[in-house]
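J.: Residue numbers (our numbering), protein chains in the order written: chain A, 13 to 249; chain B, 13 to 249. Here a beta-carbon is modelled for each residue, glycine too, at the ideal position from N, C-alpha and C.
Number of protein chains: 2
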Amino acid sequence: MEPQKRINANGSAARMAGGERRLQILRVAMRLFSQRGFRGTTTKEIALAAGVSEAMVFRHFATKEELYSAILDHKACLHDDLDPLQKVADAIQRKDDRAVFEGIALDALNHHESDPEFQRLLLHSALEEHELAHMFWEKFVRRVYHSLRTYIRQRQRDGAMKQLDPLVVVRAFIGMIIHHSLNNNLWDRDRELLKISNQAAARAFTNILLNGVAAKPQARRNGSARSATLKRKPSKK
Amino acid sequence: MEPQKRINANGSAARMAGGERRLQILRVAMRLFSQRGFRGTTTKEIALAAGVSEAMVFRHFATKEELYSAILDHKACLHDDLDPLQKVADAIQRKDDRAVFEGIALDALNHHESDPEFQRLLLHSALEEHELAHMFWEKFVRRVYHSLRTYIRQRQRDGAMKQLDPLVVVRAFIGMIIHHSLNNNLWDRDRELLKISNQAAARAFTNILLNGVAAKPQARRNGSARSATLKRKPSKK
DNA sequence: TTCGATGGTAAGTAAGCACTTACTTTCATT
DNA sequence: AATGAAAGTAAGTGCTTACTTACCATCGAA
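1) Looking at the structure shown, is residue 28(A) part of a helix, part of a strand, or coil, going by DSSP?
2) From this set, 228(B), 205(B), 220(B) and 57(B), which residue's C-alpha is nearest residue 272(A)'s C-alpha?
3) State the CB to CB distance for the pair residue 190(A) and residue 158(B), rounded to an integer number of angstroms; the pair is presumed to be in contact (CB under 8 Å).
4) Name the chain B residues that come within less than 8 Å of residue 115(A), Cβ to Cβ?
5) Does the distance from the C-beta atom of residue 176(A) to that of residue 225(A) stay below 8 Å?
6) Which residue comes first and which comes last in the alpha helix (DSSP H) that contains residue 113(A)?
7) Does the beta-carbon distance from residue 138(A) to residue 198(B) come in below 8 Å?
8) Between which two residues does the alpha helix (DSSP H) harbouring residue 86(B) extend?
9) Quick one: residues in its chain with C-beta nearer than 6 Å to the C-beta of residue 196(B), no 5 flanking neighbours on either side, listed in chain order?
10) Does residue 239(A) come out as helix, strand or coil in the three-state DSSP assignment?
11) Which of the three DSSP states, helix, strand or coil, is assigned to residue 172(A)?
12) Since residue 172(B) contacts residue 227(B) with CB under 8 Å, what's their CB separation in whole angstroms?
13) Counting only Cβ-Cβ distances shorter than 9 Å, please list the residues of the segment 170-188 of chain B near chain A, keeping chain order.
14) Could you give the distance in angstroms between the alpha-carbon of residue 129(B) and the alpha-carbon of residue 43(B)?
15) Quick one: residues in its chain with C-beta nearer than 7 Å to the C-beta of residue 222(A), no 5 flanking neighbours on either side, listed in chain order?
16) Could you list which residues in chain A have their beta carbon closer than 9 Å to that of residue 140(B), in chain order?
17) Do residue 210(B) and residue 118(B) have their C-beta atoms closer together than 8 Å?
18) Alpha carbons only, please: which of 214(A), 27(A), 71(A) and 88(A) is nearest the one belonging to residue 145(A)?
19) Got a sec? Which residues, its chain only, sit under 8 Å from residue 122(B) by beta carbon, not counting five neighbours each side?
20) Beta-carbon within less than 7 Å of residue 73(A)'s beta-carbon, same chain only, minus the 5 sequence neighbours each way: which residues are those?
21) Using a Cβ-Cβ distance under 8 Å, would residue 224(B) count as near chain A?
22) Quick one: residues in its chain with C-beta nearer than 7 Å to the C-beta of residue 160(B), no 5 flanking neighbours on either side, listed in chain order?
23) Shortest alpha-carbon distance to residue 98(A) belongs to which of 204(A), 164(A), 201(A) and 156(A)?
24) Given that residue 163(B) touches chain A, what residues does it touch there, using C-beta distances under 7 Å?
25) Out of 154(A), 147(A), 163(A) and 86(A), which one is the CA nearest neighbour of residue 103(A)?
26) Would residue 201(B) be called buried (16 or more neighbouring beta carbons within 10 Å of its own) or exposed?
27) Which class does residue 59(B) belong to by DSSP, given the choice of helix, strand or coil?
28) What does residue 132(B) reach in chain A if we use C-beta pairs closer than 7 Å?
29) Give me the Cα-Cα distance between residue 180(B) and residue 140(B), rounded to the nearest whole angstrom.
30) Less than 8 Å between the C-beta atoms of residue 55(A) and residue 45(A), yes or no?
31) Which same chain residues, not among the five before or five after residue 30(A), have their C-beta less than 7 Å away from its C-beta?
32) Report the start-end ranges of each alpha helix (DSSP H) in the segment 134-189 of chain A that is 4 residues or longer and not cut off at the edges.
33) If distances are taken between C-alpha atoms only, which option among 168(B), 91(B), 33(B) and 85(B) comes closest to residue 70(B)?
34) Using a Cβ-Cβ distance cut-off of 8 Å, determine whether residue 80(B) contacts chain A.
35) Residue 45(A) versus chain B: which residues are under 9 Å apart at the beta carbon?
36) Please list the partners that residue 121(A) has in chain B, where partner means a Cβ-to-Cβ separation under 9 Å.
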């Protein structure tokens, strides 16, 4: 007679292959950590949610810390190859500012929307000063800042953008995007205060930024009163 | 003979008056909670840091939860009367966009810089879905959004700003500010990536925003091309 | 059919947690 | 000087935590 495969709370058949189970525990833990933080989640809860005994958790991951690290590695490798500047590489080539910035914004917004766990995990580990935060900063944030600074500098040399500190421009732009995602994922999940599609948001932020940093029409009649704002070197051509 | 007043680790004389001790414990707890989160801080640590026994903590606050609530009340009442729009009330009256936005930005940046605990506390409670987050949202964020929206709408009717969704403009601006503070307090405390004074940051963000949302020169070709940057109202007297 | 490797569990253990109890010390009043 | 209330503590209590041990179940291959 068939030994009647037991079914656990998740509807997943008992007795998985090792690798499968490991991944399942990892995913469950990821969800719980992102919801309640590292310290706020117990190994018992993780085991329960995965439909196994606590001992199984410790068979796959020696310590809770190691489980956390495994999550970080997992997330990191998912979000790793993804250089956000790559997707807009040809827009950069074409010097199509709008495509560059809107592309980056839309990509980030979509990303945050489809994987809100990641942002929460990141915040938790930044607050707890865990290594993911540092890793993310080094591997991702720095690169974005650097690439965008390079692009902005180029456009400033082209005379297409004002001579502001490019890093400040980057921060302003990234700020709009991240803060919007943070609002959507953390504070105002029902979009009670502001409901707007990612497309529309990306377009609006890009508009504000590009108009904000665009070189002035440079009305030749320069009663150059406001050299304060536009530091344009005369670029004597 | 003098009974040699004991001195605890903090250098504070033992045996404080009740109210004093309460406040001291509160402050110590505030610091620790903001550093390690609610769940990440033990009552023992709090007691130790305050230089008293654990029992004293529980004499002043019945439970750890109550201690947390007391902190929230404390912080809330500190940051409460402070309607950030009040400081720029006359700038609003004068419709001096630059003063309005730069004032708000500078105020927020200074605030976050002088009290980074608050931002951390707020983030922790947002992640843990504690009430402070909700309270802050209702009492503060909503009001700022509402007031700024009203102002922006007015300026749009004046023909001084583009017809964008005012809430998106608010989000973009607040985003630059909050994200910059978050970077300074959480991610890049050494300002390794971007070191800039609050004044300069407030000015830069304001410039980007105001140029970004300024009504177009409107191709009416009336010479006065950049009403955008210099908002001196024509003052048709 | 047997057997070893692997998936899985029940029932621990020691340490740490929020919180309590029973007691002592200090000190401003009369 | 006596006293009573408030400031303070040492040593718990029972529960939860991360992690372990000792054992059972299932399965594919020899």
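T.: Checking against the coordinates, here is how it stands:
1) In the three-state reduction of the DSSP assignment, residue 28(A) falls in the coil class.
2) This structure leaves residue 272(A) out entirely; chain A is present only between 13 and 249.
3) Contact doesn't hold; Cβ gap of about 23 Å is too wide.
4) Near residue 115(A) there are no residues of chain B at all, since even the closest Cβ is about 18 Å away, more than 8 Å.
5) Against a cut-off of 8 Å, the Cβ pair of residue 225(A) and residue 176(A) comes out as a contact.
6) Note, residue 113(A): alpha helix (DSSP H), 109-126.
7) Here residue 138(A) is near residue 198(B), since their CB atoms are less than 8 Å apart.
8) For residue 86(B), the enclosing alpha helix (DSSP H) starts and ends at 76-90.
9) Residues of the same chain with their beta carbon placed closer than 6 Å to that of residue 196(B) are lacking, with the five preceding and five following residues left out of the count.
10) With a pLDDT of only 38 at residue 239(A), under the threshold of 50, the placement of this residue in the model should not be trusted, and no figure is reported.
11) Of the three classes helix, strand and coil, the one that applies to residue 172(A) here is coil, per DSSP.
12) Contact flag correct, Cβ pair sits at about 6 Å.
13) Answer set for the segment 170-188 of chain B: 174, 176, 177, 179, 180, 181, 182, 183, 184, 185, 186, 187 and 188.
14) Taking the Cα positions, residue 129(B) is about 7 Å away from residue 43(B).
15) So the qualifying residues of the chain are 109, 110 and 113.
16) Simply 48, 49 and 52.
17) Yes, these two residues count as a Cβ contact at 8 Å.
18) Answer by Cα proximity: 88(A).
19) Close CB contacts of residue 122(B) within its chain, under the 8 Å cut and outside five residues either way in sequence, are with 210 (chain order).
20) Excluding sequence neighbours, residue 73(A) sits near 79 and 82.
21) Interface criterion met: the Cβ of residue 224(B) is under 8 Å from a Cβ in chain A.
22) Excluding positions up to five away in sequence, the list reads 182.
23) It is 156(A).
24) Within chain A, no residue has its beta carbon less than 7 Å from that of residue 163(B); the closest one is some 16 Å off.
25) Closest option to residue 103(A), Cα to Cα, is 163(A).
26) It is exposed - the Cβ of residue 201(B) has fewer than 16 other Cβ atoms within 10 Å.
27) Note: residue 59(B) maps to helix in three-state DSSP.
28) Within 7 Å Cβ-Cβ: 139.
29) Cα to Cα, residue 180(B) sits roughly 27 Å from residue 140(B).
30) No. Outside cutoff.
31) Within the same chain, no residue comes within 7 Å of residue 30(A) by CB-CB distance, once the 5 residues on both sides are set aside.
32) Whole alpha helix (DSSP H) segments, 4+ residues: 143-148 and 154-169.
33) From the listed residues 168(B), 91(B), 33(B) and 85(B), the smallest Cα separation to residue 70(B) is found for 33(B).
34) It does not: the Cβ of residue 80(B) has no partner Cβ on chain A nearer than 8 Å.
35) The contacting residues do not exist; residue 45(A) stays about 11 Å from chain B at best.
36) Those do not exist, as residue 121(A) stays about 12 Å from chain B at its closest Cβ, beyond 9 Å.
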